[in-house]
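There are 2 protein chains.
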Amino acid sequence: MDDDFISSILSGDRRAIAKAISMIENEDSKISNIISEIYPKTGNAFVIGITGPPGTGKSTLINRLIEHYRKLDKKIGVIAIDPSSPITGGSLLGDRLRMSNHNLDPNVYIRSMSSGDKSGGLSRYTRRSLSILDASGLDIIIVESVGSGQSEVDILKITDAVVIVLMPELGDDIQIYKAGLMEVGDIFVVNKSDLDSSDQMYTKLLNASKIKNDKWMPQVVKTNSITGSGIDRLITSLSEREKFLTELSEQSLIHEHRIKNEILDVMLDDFSKSFSKKILNHPDFQNIVDQVLVKKMDPEQAAMILKKRLNYD
Amino acid sequence: MDDDFISSILSGDRRAIAKAISMIENEDSKISNIISEIYPKTGNAFVIGITGPPGTGKSTLINRLIEHYRKLDKKIGVIAIDPSSPITGGSLLGDRLRMSNHNLDPNVYIRSMSSGDKSGGLSRYTRRSLSILDASGLDIIIVESVGSGQSEVDILKITDAVVIVLMPELGDDIQIYKAGLMEVGDIFVVNKSDLDSSDQMYTKLLNASKIKNDKWMPQVVKTNSITGSGIDRLITSLSEREKFLTELSEQSLIHEHRIKNEILDVMLDDFSKSFSKKILNHPDFQNIVDQVLVKKMDPEQAAMILKKRLNYD
Chain A
1 MDDDFISSIL
11 SGDRRAIAKA
21 ISMIENEDSK
31 ISNIISEIYP
41 KTGNAFVIGI
51 TGPPGTGKST
61 LINRLIEHYR
71 KLDKKIGVIA
81 IDPSSPITGG
91 SLLGDRLRMS
101 NHNLDPNVYI
111 RSMSSGDKSG
121 GLSRYTRRSL
131 SILDASGLDI
141 IIVESVGSGQ
151 SEVDILKITD
161 AVVIVLMPEL
171 GDDIQIYKAG
181 LMEVGDIFVV
191 NKSDLDSSDQ
201 MYTKLLNASK
211 IKNDKWMPQV
221 VKTNSITGSG
231 IDRLITSLSE
241 REKFLTELSE
251 QSLIHEHRIK
261 NEILDVMLDD
271 FSKSFSKKIL
281 NHPDFQNIVD
291 QVLVKKMDPE
301 QAAMILKKRL
311 NYD
Chain B
1 MDDDFISSIL
11 SGDRRAIAKA
21 ISMIENEDSK
31 ISNIISEIYP
41 KTGNAFVIGI
51 TGPPGTGKST
61 LINRLIEHYR
71 KLDKKIGVIA
81 IDPSSPITGG
91 SLLGDRLRMS
101 NHNLDPNVYI
111 RSMSSGDKSG
121 GLSRYTRRSL
131 SILDASGLDI
141 IIVESVGSGQ
151 SEVDILKITD
161 AVVIVLMPEL
171 GDDIQIYKAG
181 LMEVGDIFVV
191 NKSDLDSSDQ
201 MYTKLLNASK
211 IKNDKWMPQV
221 VKTNSITGSG
231 IDRLITSLSE
241 REKFLTELSE
251 QSLIHEHRIK
261 NEILDVMLDD
271 FSKSFSKKIL
281 NHPDFQNIVD
291 QVLVKKMDPE
301 QAAMILKKRL
311 NYD
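If you're matching them up, the sequences are chains A and B in order. Mind the numbering: the first sequence is residues 1 to 313 in the numbering used here, read in order. Mind the numbering: the second sequence is residues 1 to 313 in the numbering used here, read in order.
Here's what the structure looks like:
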């Protein structure tokens, strides 16, 4: 391994960081060694996950947070996860953040990751990138995402504070969207608080947040990311969350649980790939597919037969 | 297997259908046999997937579609996939549809499925339920979902027509949300067309839709599900899509491709479960986790070592 490259990452060299993350995206075979080398230096950054449905003002809110943490002289990284595709291209979340003036600040590192073709492995990519940013000496890392899918929920689980950004007047659907995220949310933000019914939503969230079965009591904050009102309350909540995690007696248990999930995630991801290949290349596969096509068997029976032929129980 | 139960499902008996889907949700061991029995009777329903971010008016739109198809005397099923959790409970999408007057109609069957704890297997649950509804003699089956996650995209892939419902003025984020769905969308709906900037969004979508690399040219439709305006155009688009699929020379190829994915999906789902168990119960697992905890190795190295011990390449 190139020692210079490792030291450059650890010293926070932006070009080295960018190169390492590109290696992660391109599945460069050298990246595993790099991650191993830098791994002992991880664990210092406070990782904030920010998610919410389209149009709730996440990017403006993140810009406010960057502003605040920069005043405290913290180094900040942002990973924006775009569900964009190779075809439509673009990495809109990241671009929007980059358009802000923070992009000129050498202590703010913004990076987009496309979730495009990384269905299963998205959390693995994100975790590897988090390790790089963490080891590079950043104090705060923000992970921004849009969707409510399982892979995004998986990513939120590897962050220290999960912030769900909502807004009033998105219709009843918002309740549904939120429902799936209720257990992972540590802080709920009702953004665009100038809109009618923001108080109503705030109360609803306050009531719903009491359900969470955890020592951390989820907090609900009203903000207006345009005017900046309420941002101080959000920052207080984030500090409280950080303090909570530091003082928690079960901290090592939580950490252990997370590591177990990480190992499992990596193994399943690797295994799925080689397993799929094995199935598709199995000499009996086409014949079995043909039988399903003419409805002599259903896909589940087909799967069972193939499992036996592959000698998996 | 209970022949009476199978015949009841095939004859469209609502209680039998409900029971079968509950068996799917409860992972009842008898369900595989039931699916095998009814499978030869599937393949007649036209399956419409309807998705879009919160607040775009999907449920109202679906009620409009039900109204229309009922006038043509079609039998309709709706599967509403709620990302709701066991804690917050509720199946809001389905409930909202059920509150409509269609629920009294014996030829409309509405069912909610919670995506709660079915992360990986969601598409499997949905597919099994689709088989039941399809075999029961329904003409049209609508699958409604909210999120933009991978598992929901997987579900859309098993439908015949993917309808993405958007609305103007959801902010720039909407572009991002849409991006991930662009390749799977067959019909894009700009709902709430009374809002400003709906024309702008319509034009943007028209341009974007030209990107899709497929014989089917994605269509863009402006609707107002409250007043009903534009619904006829959406229905025309759906009919055209159905006609397109019937006349397509590669139809059997598409069908074969879908079956291959189904088999792979079932096998991977089963395998992930038994594989995870094997890892968690491996005698060396805790020791390896401990080494990651003290940063003697990183999770990826840990995964590699465990893979060797488990004798997987």
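For each residue, glycine too, the CB sits at the ideal point set by N, CA and C.
Chain A within 8 Å of residue i, Cβ atoms only
{"i": "H282 of chain B", "result": "no"}
{"i": "S22 of chain B", "result": "no"}
{"i": "K260 of chain B", "result": "yes"}
{"i": "Q200 of chain B", "result": "no"}
{"i": "V289 of chain B", "result": "yes"}
{"i": "H68 of chain B", "result": "no"}
{"i": "V292 of chain B", "result": "yes"}
Residues near residue i in its chain [Cβ-Cβ closer than 7 Å; skip 5 each side]
{"i": "I132 of chain A", "result": "I9, I17, A20, I21, I38"}
{"i": "D194 of chain A", "result": "N224"}
{"i": "R127 of chain B", "result": "I158, E262"}
{"i": "G58 of chain B", "result": "Here residue 58 of chain B is Lys; the residue named in the question, Gly, does not match the sequence. Cβ neighbours of K58 of chain B beyond the five flanking positions: I50, G52, E144, V165."}
8 Å Cβ cutoff, residue i in contact with chain B
{"i": "D270 of chain A", "result": "yes"}
{"i": "D298 of chain A", "result": "yes"}
{"i": "F188 of chain A", "result": "no"}
{"i": "M217 of chain A", "result": "no"}
{"i": "K308 of chain A", "result": "no"}
{"i": "V266 of chain A", "result": "yes"}
{"i": "P54 of chain A", "result": "yes"}
{"i": "A161 of chain A", "result": "no"}
{"i": "K295 of chain A", "result": "yes"}
{"i": "Y39 of chain A", "result": "yes"}
{"i": "Q251 of chain A", "result": "no"}
{"i": "F275 of chain A", "result": "yes"}
{"i": "H255 of chain A", "result": "yes"}
{"i": "S29 of chain A", "result": "no"}
CA-to-CA distance, residue j to residue i, given in whole angstroms
{"i": "V153 of chain A", "j": "V184 of chain A", "result": "8 Å"}
{"i": "I50 of chain B", "j": "T236 of chain B", "result": "16 Å"}
{"i": "L245 of chain A", "j": "H102 of chain A", "result": "28 Å"}
{"i": "L280 of chain A", "j": "F46 of chain B", "result": "28 Å"}
{"i": "I231 of chain A", "j": "V162 of chain A", "result": "16 Å"}
{"i": "E300 of chain B", "j": "K41 of chain A", "result": "16 Å"}
{"i": "S7 of chain A", "j": "K30 of chain A", "result": "16 Å"}
{"i": "R241 of chain B", "j": "R233 of chain B", "result": "12 Å"}
{"i": "K74 of chain A", "j": "R258 of chain B", "result": "50 Å"}
{"i": "G90 of chain B", "j": "I81 of chain B", "result": "Note on G90 of chain B: pLDDT 46, under 50, position unreliable in the model; no value is reported."}
{"i": "Q251 of chain B", "j": "E27 of chain A", "result": "35 Å"}
{"i": "L72 of chain B", "j": "S249 of chain B", "result": "28 Å"}
{"i": "K192 of chain A", "j": "K192 of chain B", "result": "21 Å"}
{"i": "E67 of chain B", "j": "Q200 of chain A", "result": "33 Å"}
Buried or exposed (CB count within 10 angstroms, at least 16 for buried), residue i
{"i": "L122 of chain B", "result": "buried"}
{"i": "K222 of chain A", "result": "buried"}
{"i": "M113 of chain A", "result": "buried"}
{"i": "L318 of chain A", "result": "Any question about residue 318 of chain A goes unanswered here, given that chain A covers just 1 to 313."}
{"i": "M217 of chain B", "result": "exposed"}
{"i": "T60 of chain A", "result": "buried"}
{"i": "G52 of chain B", "result": "buried"}
{"i": "S85 of chain A", "result": "Here the model assigns S85 of chain A a pLDDT of 43, short of 50, so the residue's position is not dependable, and the following value carries that caveat. Burial call: buried."}
{"i": "N63 of chain B", "result": "buried"}
{"i": "Q286 of chain A", "result": "exposed"}
{"i": "T227 of chain B", "result": "exposed"}
{"i": "E144 of chain A", "result": "buried"}
Residue i vs residue j beta-carbon contact at 8 Å
{"i": "L293 of chain A", "j": "E262 of chain B", "result": "no"}
{"i": "I76 of chain A", "j": "V108 of chain A", "result": "yes"}
{"i": "F188 of chain A", "j": "L156 of chain A", "result": "no"}
{"i": "I142 of chain A", "j": "V190 of chain A", "result": "no"}
{"i": "Y69 of chain B", "j": "I164 of chain B", "result": "no"}
{"i": "G137 of chain A", "j": "G43 of chain A", "result": "no"}
{"i": "S129 of chain B", "j": "P168 of chain B", "result": "no"}
{"i": "D270 of chain A", "j": "A303 of chain B", "result": "yes"}
{"i": "R309 of chain A", "j": "D290 of chain A", "result": "no"}
{"i": "D160 of chain A", "j": "I48 of chain A", "result": "yes"}
{"i": "S36 of chain B", "j": "D298 of chain A", "result": "yes"}
{"i": "L268 of chain B", "j": "M267 of chain A", "result": "no"}
{"i": "S276 of chain B", "j": "L253 of chain A", "result": "no"}
{"i": "I24 of chain B", "j": "Y125 of chain B", "result": "yes"}
Sequence-distant residues of its chain with Cβ nearer than 6 Å to residue i (five each side left out)
{"i": "K273 of chain B", "result": "none"}
{"i": "L205 of chain B", "result": "F188, V220"}
Cut-off 8 Å between Cβ atoms - residues of its own chain near residue i, not counting five sequence neighbours on either side
{"i": "R14 of chain A", "result": "P106, Y109"}
Cβ-heavy atom distance, residue i to the ligand NAP, below 7 Å
{"i": "R309 of chain A", "result": "Among the components of this structure there are no ligands whatsoever, and the ligand NAP is therefore not found."}
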